[in-house]
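Student: Input: one structure, supplied below.
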Amino acid sequence: MVRTVPAGQYVCMKGDAVEHWLGVVDGLVKMASNWSSGKTTSFVGLSSGGWFGEGSLMKDEPRRYDVIALRESRIAYMKRSRFQHLLDHSIPFNRFLLIQLNERLGQFIGMMEHERLLNTDARLARCLASMFNPLLYPGSSLELRISQEEIGLLAGISRQRVNQALHVLEQAGLVRVDYGTLTILDLDRLRCFGE
DNA sequence: ACATTAACAGGAA
DNA sequence: TTCCTGTTAATGT
């Protein structure tokens, strides 16, 4: 089943019962944590072709995080029974899942490494590059419609600092900055910026 | 040093 | 009108 979620709306909320495996057919969503104290932080941006929520599905637990559409997005819902059946019977499906989990793990280990070793400009570069992982998001284009404020939430830095860093990356010819839109010009160099 | 918050003005949607 | 961007000043670690 595919449903369209308008910009700013929740795709699912922390605490929800998990009945589906979710995928981004088209659009952009973020996985985030919003505390009752008002504190909020985002973890990953997921673009076209990205699947998520398999963790809670396999552990049979309530949703751990909020997922919010950053712009109008089409979300695919695969029923738990279907997911379970594929898991039990399809080797290609298991391989897909294994690759995805492996890539995610790599992504998060990388985040820790970058957090500790890189300056802010480079961290932003990695954060952007991670949203274009071809294995995790096979359908995404190199154009990212996202505000600088959202980038800040995803990268864990302030909006003003994002603005500064984007100009550094633009100067280096790695991205192009337009109103509400970011275009990746050189993904390979973005991936290793600052090394 | 370097990042953050706050504030504001100008421009886009 | 509301959202986004570019900038600066004050503040914090």
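For the first sequence, position 189 matches number 186 in my numbering, and the numbering has no gaps at all.
All C-beta atoms, glycine included, are put in the ideal place defined by N, C-alpha and C.
This structure is a prediction, so every number in the text was calculated from the model and none was measured.
Note down the Cα distance separating Arg68 from Ile143, rounded to an integer number of angstroms.
Tutor: Your numbering for residue 68 matches position 71 in the first sequence. Your numbering for residue 143 matches position 146 in the first sequence. Those two C-alpha atoms are separated by around 8 Å.
Student: In terms of residues, what are the limits of the beta strand (DSSP E) holding Phe40?
Tutor: Along the first sequence, read from residue 1 onward, the residue named residue 40 stands at position 43. Thr37 to Ser44 is the span of the beta strand (DSSP E), which, as asked, contains Phe40.
Student: Give me the DSSP bridge partner(s) of Leu19.
Tutor: The residue labelled residue 19 in the question sits at position 22 within the first sequence. BP columns for Leu19 point to Phe49 and Tyr74.
Student: Using the Cβ count rule (16 or more neighbours within 10 Å means buried), how would you classify Arg123?
Tutor: Position 126 of the first sequence, counted from the start, is the residue given in the question as residue 123. Buried.
Student: Spell out the partners DSSP gives Glu140 in its beta bridges.
Tutor: In the first sequence, residue 140 corresponds to position 143, counting from 1. Answer is Thr180.
Student: Would you call the segment 60 to 77 and the segment 15 to 30 in contact, with 3 or more CB pairs under 8 Å?
Tutor: yes
Student: Name the one or two DSSP bridge partners that Lys27 has.
Tutor: As a first step, residue 27 must be located in the first sequence, where it is residue number 30. Per DSSP, Gly42 and Ile65.
Student: Drop a sphere of 10 angstroms on the beta-carbon of Ile148, count the other beta-carbons inside from all chains shown, and report buried for 16 or more, exposed for fewer.
Tutor: Position 151 of the first sequence, counted from the start, is the residue given in the question as residue 148. Counting of Cβ neighbours within 10 angstroms places Ile148 among the buried residues, the total reaching 16 or more.
Student: Just to confirm the assignment, what range does the alpha helix (DSSP H) spanning Cys124 have?
Tutor: As a first step, residue 124 must be located in the first sequence, where it is residue number 127. Element bounds for Cys124: Thr117 to Ser127.
Student: Three or more C-beta pairs closer than 8 Å, one from the segment 135 to 142 and one from the segment 177 to 187: is that the case here?
Tutor: yes
Student: Val8 bridges to which residues according to DSSP?
Tutor: Translated into positions along the first sequence, residue 8 becomes position 11. For Val8, which the question treats as bridged, DSSP gives no partner whatsoever.
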